[in-house]
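Chains as they are written, first to last, in UniProt numbering: chain A, 1 to 178; chain B, 1 to 178. Glycine residues also receive a C-beta, built at the ideal position from the N, C-alpha and C atoms. One structure is given here, and the rest of the page talks about it.
2 protein chains.
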Amino acid sequence: MKANAFDDPRITAVGLLFEVHAGLAARFAAQLEEHGLSPVEFEVLTRLTRSPDNQLRMTDLAAQTSLSTSGVTRVVDRMERDGFITRRACPSDRRSSYAVVTPAGLRRLDESLPGHLQLIEDWFTGQLDPAALGALLDGLRRVRDAVHPCATAGSGPAGAAGADCDTDEVGHSDDPDR
Amino acid sequence: MKANAFDDPRITAVGLLFEVHAGLAARFAAQLEEHGLSPVEFEVLTRLTRSPDNQLRMTDLAAQTSLSTSGVTRVVDRMERDGFITRRACPSDRRSSYAVVTPAGLRRLDESLPGHLQLIEDWFTGQLDPAALGALLDGLRRVRDAVHPCATAGSGPAGAAGADCDTDEVGHSDDPDR
DNA sequence: CAGCAACTATAGCCTCAGCAATATTCCTGC
DNA sequence: GCAGGAATATTGCTGAGGCTATAGTTGCTG
């Protein structure tokens with residue numbers, strides 16, 4: 001029919017993944033925002049708290065997060081200004097400096113942790129139980145093995161992957177044409 | 001017993017999630033980069049391609065992606081400059097304009113799609129089979145049901161970060177002490 | 001029909017984060 | 001001991017993207 005790939009199951013599968021990821025990220029961000037933390041700050045707090053004496057050298061912190069060293073410098077600047085962590089000079093290497101979690105930072109992390117874990121479990125149990133995951137995997141496998149749909153347009157097999165996920169797409173806009 | 005939460009299983013669980021997510025995002029980004037696409041551009045391409053006539057009004061595109069309307073404007077600017085999509089005036093509403101995928105954009109999406117799907121399946125099968133997922137879920141449930149470690153771990157602000165700073169035996173990074 | 005509210009896209013301003021350059025400090029080879 | 005190279009943190013510059021203001025357009029309502 002059309003020259004587009006409107007019904008390409010591969011693209012539908014990718015779209016599903018985007019949906020899940022974006023929704024999850026938004027939920028996490030919103031939950032952390034309630035506690036006055038950005039996702040990056042939360043990550044930094046967890047990494048530091050998992051380290052001995054709640055401290056880490058800037059370089060190591062950068063290596064253990066998704067941040068570059070300069071990014072770590074900026075984040076630590078902000079969090080130090082907010083009182084969540086402090087810098088401490090390394091006594092044995094005057095180039096290095098430690099980022100140390102303050103009591104306020106520990107408290108803040110402790111406050112935001114339960115909601116975060118709850119979100120994680122809600123996601124696993126409520127939205128993607130193992131059975132659904134298995135089905136999704138099967139669908140993906142079939143999608144990947146399918147021949148290029150340009151030739152087999154409209155072939156139903158891989159419809160399982162995303163058949164039900166978003167039928168709202170077509171009429172999404174309030175008024176398609178006016 | 002340390003005063004920090006080094007062995008707090010809740011934080012370990014969160015750290016694991018961060019690890020998985022960061023690794024996955026980095027792989028996707030790298031794979032798309034090979035084809036000259038950023039994750040956002042890829043998302044825009046998939047959304048447009050999933051729509052009738054490979055086009056979408058700017059507002060609708062913003063609603064279906066994780067971008068704001070201004071963000072969509074900028075991304076479409078770049079992708080139009082790169083020749084992947086074009087703007088088209090809406091004939092019935094002079095406020096709106098469509099973003100349309102060009103043949104070059106379709107081709108580019110088609111090139112990057114197989115590798116992307118392969119990555120998705122590799123992740124499911126290779127790194128997180130259903131059994132491992134179930135185990136992870138169980139662990140999370142146990143972690144969540146655990147008593148709040150605040151009382152036990154002594155995350156009391158006084159003793160926690162107030163630990164003196166001359167303990168060189170941290171040794172977490174490559175070189176313990178120099 | 002005039003006015004007003006809602007909608008659409010865009011531009012200005014801001015923050016965030018990565019890359020490259022820089023200053024300081026450490027280590028190794030001589 | 002000392003010179004040169006490596007490591008560490010920071011800063012300037014740039015791009016990306018969100019929020020708000022703005023101009024243009026549409027539709028509704030008195």
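Within 10 angstroms of its Cβ, does residue i collect 16 or more other Cβ (buried), or is it exposed?
i: B/Asp174; result: Caution applies to B/Asp174, whose pLDDT of 38 falls short of 50 and renders its modelled position unreliable; the model cannot decide the point.
i: A/Arg10; result: buried
i: residue 179 of chain A; result: An answer regarding residue 179 of chain A cannot be provided, because it is not within the stretch 1 to 178 covered by chain A.
i: B/Ala29; result: exposed
i: B/Gly23; result: exposed
i: B/Thr69; result: exposed
i: A/Cys150; result: With a pLDDT of 31 at A/Cys150, under the threshold of 50, the modelled position of that residue is not reliable, and no figure is offered here.
i: B/Thr125; result: exposed
i: A/Gly15; result: buried
i: B/Gln64; result: buried
i: A/Gly154; result: No answer about A/Gly154 holds up, because its pLDDT of 32 lies below 50 and its placement is not dependable.
i: B/Asp122; result: exposed
i: B/Asp177; result: With a pLDDT of only 39 at B/Asp177, under 50, the local geometry of the prediction cannot be trusted, and no value is derived from it.
i: A/Ala13; result: buried
i: A/Ala62; result: buried
i: A/Ala26; result: exposed
i: B/Asp77; result: exposed
i: B/Asp8; result: buried
i: A/Asp164; result: Residue placement at A/Asp164 is poorly supported in this model, since its pLDDT is 34, which falls under 50; the coordinates are not used for a value here.
i: B/Asp93; result: exposed
How is the beta strand (DSSP E) around residue i delimited, first residue to last?
i: A/Ser70; result: Element bounds for A/Ser70: not the beta strand (DSSP E) but the alpha helix (DSSP H), Thr69 to Arg81.
With residue i as the anchor, note down where its alpha helix (DSSP H) starts and where it stops.
i: B/Arg10; result: Pro9 to Glu34
i: B/Leu45; result: Pro39 to Thr49
Any idea which residues DSSP pairs residue i with across the strands?
i: B/Ala89; result: B/Ser97
i: B/Gln55; result: B/Val100
Within the chosen definition, does the segment 108 to 127 of chain A reach the segment 30 to 43 of chain A through at least 3 CB pairs nearer than 8 Å? yes
**Asked** Can you find at least 3 beta carbon pairs, one from the segment 48 to 59 of chain B and one from the segment 91 to 107 of chain B, that sit closer than 8 Å?
**Response** yes
Is it the case that the segment 79 to 98 of chain A contacts the segment 51 to 67 of chain A, given that we only count it when at least three CB pairs across the two stretches are under 8 Å?
Yes: at least three Cβ pairs fall under 8 Å.
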